[in-house]
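Visitor: Residue numbers (the working numbering), protein chains in the order written: chain E, 10 to 291; chain V, 10 to 291.
Number of protein chains: 2
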Amino acid sequence: MKLAIIGTGLIGGSIALKAKATGFASLVVGIDRDSAHLETAVKLNIIDKAADLDNGIADAELIILAVPVDAASLLLPKILKMISSRQTVMDVGSTKSGIAEAVKTHENRSRFVAFHPMWGTENCGPAAATAISFAGRAGVICDREFSDSDALEIVERLAKNLEMNLLYMDSAAHDLHTAYISHISHITSYALANTVLEKEKEEDTIFQLASSGFSSMVRLAKSHPEMWVPIFQQNRENVLDVLNEHISQLLKFKSALEKENYDFLEELIRNANRIRPILEEK
Amino acid sequence: MKLAIIGTGLIGGSIALKAKATGFASLVVGIDRDSAHLETAVKLNIIDKAADLDNGIADAELIILAVPVDAASLLLPKILKMISSRQTVMDVGSTKSGIAEAVKTHENRSRFVAFHPMWGTENCGPAAATAISFAGRAGVICDREFSDSDALEIVERLAKNLEMNLLYMDSAAHDLHTAYISHISHITSYALANTVLEKEKEEDTIFQLASSGFSSMVRLAKSHPEMWVPIFQQNRENVLDVLNEHISQLLKFKSALEKENYDFLEELIRNANRIRPILEEK
Chain E
10 MKLAIIGTGL
20 IGGSIALKAK
30 ATGFASLVVG
40 IDRDSAHLET
50 AVKLNIIDKA
60 ADLDNGIADA
70 ELIILAVPVD
80 AASLLLPKIL
90 KMISSRQTVM
100 DVGSTKSGIA
110 EAVKTHENRS
120 RFVAFHPMWG
130 TENCGPAAAT
140 AISFAGRAGV
150 ICDREFSDSD
160 ALEIVERLAK
170 NLEMNLLYMD
180 SAAHDLHTAY
190 ISHISHITSY
200 ALANTVLEKE
210 KEEDTIFQLA
220 SSGFSSMVRL
230 AKSHPEMWVP
240 IFQQNRENVL
250 DVLNEHISQL
260 LKFKSALEKE
270 NYDFLEELIR
280 NANRIRPILE
290 EK
Chain V
10 MKLAIIGTGL
20 IGGSIALKAK
30 ATGFASLVVG
40 IDRDSAHLET
50 AVKLNIIDKA
60 ADLDNGIADA
70 ELIILAVPVD
80 AASLLLPKIL
90 KMISSRQTVM
100 DVGSTKSGIA
110 EAVKTHENRS
120 RFVAFHPMWG
130 TENCGPAAAT
140 AISFAGRAGV
150 ICDREFSDSD
160 ALEIVERLAK
170 NLEMNLLYMD
180 SAAHDLHTAY
190 ISHISHITSY
200 ALANTVLEKE
210 KEEDTIFQLA
220 SSGFSSMVRL
230 AKSHPEMWVP
240 IFQQNRENVL
250 DVLNEHISQL
260 LKFKSALEKE
270 NYDFLEELIR
280 NANRIRPILE
290 EK
């Protein structure tokens with residue numbers, strides 16, 4: 010299958026590598042407004058060639074939109090206008106209500122499949138892409154009833170080639186659950202990094218004392234605002250809702266410490282320990 | 010050298026394994042009030058034999074106290090009374106002011122070396138111990154001026170065998186820096202787990218949607234209260250101070266979202282991104 014990847018960064022690049030490795034893709038054309046990314050992507054054999062948008066998508070059977078969610082919402086309606094009814098477009102965004110709204114009444118809406126591969130790292134750009142990225146993680150297809158069955162089938166086939174566990178939900182449910190599970194984790198990590206940078210003025214001390222625990226807590230805080238500001242913006246209400254809950258959970262720890270109520274502190278910790286069996290079903 | 014390890018859990022067990030692997034220890038005697046731990050530790054060749062406290066420490070040149078910090082503060086004065094001036098005792102605790110206070114005026118204070126190997130995982134017990142645990146991490150010796158030079162030299166030699174980077178500070182500075190860098194990370198992770206467990210009532214959904222990012226953020230939340238309640242208790246003031254800062258950092262994210270001030274949100278994220286070069290000196 011001929012693929013066009015718009016945005017040859019971590020996610021687009023990783024999909025390209027795995028799609029080529031499994032034989033799902035016979036040819037991958039890369040499109041990126043950053044010419045250095047395109048050059049790197051060609052050098053690393055992530056894409057077979059670079060092209061501009063018009064030429065790049067002309068022959069593609071599957072067009073993968075792998076740009077930040079604000080750019081994706083703007084670009085998708087244009088792309089849907091440029092394609093035939095035998096071409097399919099999918100996105101990879103972490104929010105779905107915004108892009109769903111952007112094409113709700115589009116005449117070619119049914120050629121679009123909303124897809125969220127739930128994997129990422131704190132790194133970006135084609136050099137961070139790997140073929141082993143998505144295996145075992147959730148791949149969520151949203152609003153499948155609005156996509157043509159052949160378009161859906163292509164994206165499902167790609168997800169299987171990425172070895173992802175397919176899930177289906179509507180955009181609203183997706184955005185709620187990702188706020189709860191993914192987006193709040195990023196805010197927590199950013200705020201923790203800012204806390205430590207504020208309190209610990211000696212950068213050398215942070216470097217010297219950083220344990221594996223601390224490093225894993227601030228890993229997400231390395232993620233770039235170009236990707237995450239649009240996600241928080243598009244999922245603002247859900248993120249605010251879970252952020253309020255998170256602040257009130259921290260206030261419980263504060264209260265337990267202030268009142269020296271160590272039974273309550275133990276209770277809070279025992280409750281948090283419940284996350285272990287839930288994650289270890291994996 | 011003959012070692013006695015009091016507490017054959019993750020830390021004590023890992024030190025024993027590495028000390029035997031490098032030849033630092035010729036014999037390791039294990040002491041533990043949990044007889045199942047002792048049995049496992051013998052089976053896994055972590056310790057050579059199990060003993061009670063009296064017999065276990067009688068011949069040991071180095072006695073390693075690897076129990077929760079509240080138990081360590083109670084046990085250390087007793088052990089210092091039982092040993093000769095040719096024996097050395099060290100702890101491995103994450104807080105130091107409490108234990109320093111407990112032996113400040115002890116006649117055998119100088120046989121004690123306060124040591125904090127800054128490594129750990131969310132798992133516990135001897136089965137979680139590994140010989141590769143400490144390499145490259147900080148090993149902090151506190152209040153070295155109160156330890157005999159031969160006692161100090163033994164612990165420094167152990168730290169080198171563990172491949173740790175030795176640092177020296179006083180107890181008060183240690184407890185401040187560990188609150189900033191290590192202890193707050195645990196509270197954040199516990200509170201994040203409680204947040205997600207509160208908002209996401211479907212445990213299956215947490216399991217299905219858990220990304221690598223989420224998993225790394227709640228890893229520390231699996232840590233047991235038996236170890237962490239005493240740490241928070243002994244370092245209460247420093248932890249409260251950094252927890253207040255952390256809550257105010259989260260309130261900035263809340264304010265940026267509530268006011269839809271995305272420039273401010275970007276600024277907060279860019280500030281957090283500064284953690285990358287600091288950690289990547291490593």
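Idealized CB from N, CA, C, for every residue including glycine.
Classify T47 of chain V as buried or exposed, calling it buried when 16 or more other Cβ atoms lie within 10 Å of its own Cβ.
Guide: One detail in the question is off: residue 47 of chain V reads as Leu in this sequence, not Thr. Buried, because 16 or more other Cβ atoms sit within 10 Å of the Cβ of L47 of chain V.
Visitor: For L74 of chain V, report the span of its beta strand (DSSP E) as first-last.
Guide: For L74 of chain V, the enclosing beta strand (DSSP E) stretches over residues 71-74.
Visitor: Helix, strand or coil: which one does DSSP assign to K105 of chain E?
Guide: coil
Visitor: For the beta strand (DSSP E) holding F121 of chain E, just list the boundary residues, first then last.
Guide: 121-126
Visitor: Which partner residues of A59 of chain E appear in the DSSP bridge assignment?
Guide: E:G39
Visitor: How about A147 of chain E and M178 of chain E: do their beta carbons lie closer than 8 Å?
Guide: Remark: C-beta atoms of A147 of chain E and M178 of chain E do not approach each other more closely than 8 Å.
Visitor: Where do the ends of the beta strand (DSSP E) carrying T97 of chain E lie?
Guide: Bounds of the beta strand (DSSP E) holding T97 of chain E are 97-100.
Visitor: Just to confirm before moving on: does the CB-CB distance between L85 of chain E and F124 of chain E stay below 8 Å?
Guide: Their beta carbons are not under 8 Å apart, which means L85 of chain E does not touch F124 of chain E by this criterion.
Visitor: Can you look up L260 of chain E in the DSSP assignment and give me helix, strand or coil?
Guide: helix
Visitor: Quick one: using the 10 Å Cβ neighbour count with 16 as the cut-off for buried, is L229 of chain E buried or exposed?
Guide: buried
Visitor: Starting from N170 of chain E, find everything on chain V with Cβ-Cβ shorter than 7 Å and list it in chain order.
Guide: The contacting residues do not exist; N170 of chain E stays about 19 Å from chain V at best.
Visitor: I want to know whether the segment 243-251 of chain E touches the segment 212-229 of chain E - three or more CB-CB distances under 8 Å.
Guide: Here the segment 243-251 of chain E makes no contact with the segment 212-229 of chain E; the two share fewer than three CB pairs at distances below 8 Å.
Visitor: For H255 of chain V, return the contacting residues in chain E, with the cut-off set at a CB-CB distance below 8 Å.
Guide: A200, L201, T204, L259
Visitor: If we cut at 8 Å on Cβ distances, does L249 of chain E have a partner in chain V?
Guide: yes
Visitor: Whole angstroms are fine: how far does the CA of S257 of chain E sit from the CA of A202 of chain V?
Guide: 13 Å
Visitor: So within the segment 115-164 of chain V, which uninterrupted beta strand (DSSP E) runs reach at least 3 residues, ignoring any that extend past its ends?
Guide: 121-126, 147-151
Visitor: Find the residues of chain E that neighbour A123 of chain V, judging by a C-beta separation of less than 9 Å, and give them in chain order.
Guide: Near A123 of chain V there are no residues of chain E at all, since even the closest Cβ is about 15 Å away, more than 9 Å.
Visitor: With 16 other CB atoms within 10 Å as the buried threshold, where does D79 of chain V fall?
Guide: Of the other Cβ atoms in all chains shown, 16 or more fall within 10 Å of the Cβ of D79 of chain V; this residue is therefore buried.
Visitor: Going by DSSP, which residues form a beta bridge with L175 of chain E?
Guide: E:G148
Visitor: If you draw a straight line from the C-alpha of V98 of chain E to the C-alpha of L176 of chain E, how long is it?
Guide: Their backbone Cα atoms lie some 19 Å apart in a straight line.
Visitor: If you measure beta-carbon to beta-carbon, which residues of the segment 99-112 of chain V are closer than 7 Å to chain E?
Guide: none
Visitor: Which of the three DSSP states is assigned to A13 of chain E in this structure?
Guide: strand
Visitor: Contact between the segment 12-28 of chain V and the segment 262-277 of chain E is defined here as three or more beta-carbon pairs at a separation below 8 Å; is this criterion met?
Guide: As far as the Cβ criterion goes, the segment 12-28 of chain V does not touch the segment 262-277 of chain E, which means the pair count is below three.
Visitor: Taking the CB atoms as reference points, tell me whether N282 of chain V and K231 of chain E lie closer together than 8 Å.
Guide: It is a contact, given that the beta carbons lie within the stated cut-off.
Visitor: Could you tell me whether any Cβ in chain E is nearer than 8 Å to the Cβ of S191 of chain V?
Guide: Yes, because at least one Cβ of chain E sits closer than 8 Å to the Cβ of S191 of chain V.
Visitor: Alpha carbons only, please: which of V:L62, V:I73, V:D61 is nearest the one belonging to L12 of chain V?
Guide: V:I73
Visitor: How far does the alpha helix (DSSP H) with P239 of chain E in it extend, from its first residue to its last?
Guide: 234-243
Visitor: Taking a contact to mean a Cβ-Cβ separation below 8 Å, would you say E254 of chain V touches T204 of chain E in this structure?
Guide: yes
Visitor: Identify which residue in V:D57, V:N64, V:I66, V:A200 has its Cα closest to the Cα of K263 of chain E.
Guide: V:A200
Visitor: Among E:A69, E:Q242, E:M127, E:R245, which one has its Cα closest to the Cα of G145 of chain E?
Guide: E:M127
Visitor: Exposed or buried, D152 of chain E, counting other C-beta atoms within 10 Å across all chains shown (16 or more means buried)?
Guide: buried
Visitor: Please name the residue, chosen from V:A69, V:A50, V:S44, that lies closest to L36 of chain V on a Cα-to-Cα basis.
Guide: V:A69
Visitor: Less than 8 Å between the C-beta atoms of I88 of chain E and I66 of chain E, yes or no?
Guide: yes
Visitor: Distance, Cα to Cα, G32 of chain V vs V149 of chain V?
Guide: Near 22 Å, if we compare the C-alpha coordinates of V149 of chain V and G32 of chain V.
Visitor: Quick check on the burial criterion: 16 or more other C-beta atoms within 10 angstroms. Buried or exposed for N64 of chain E?
Guide: exposed
Visitor: Please report the straight-line C-alpha distance between D159 of chain E and E267 of chain V, rounded to a whole angstrom.
Guide: The alpha-carbon separation between D159 of chain E and E267 of chain V amounts to approximately 41 Å.
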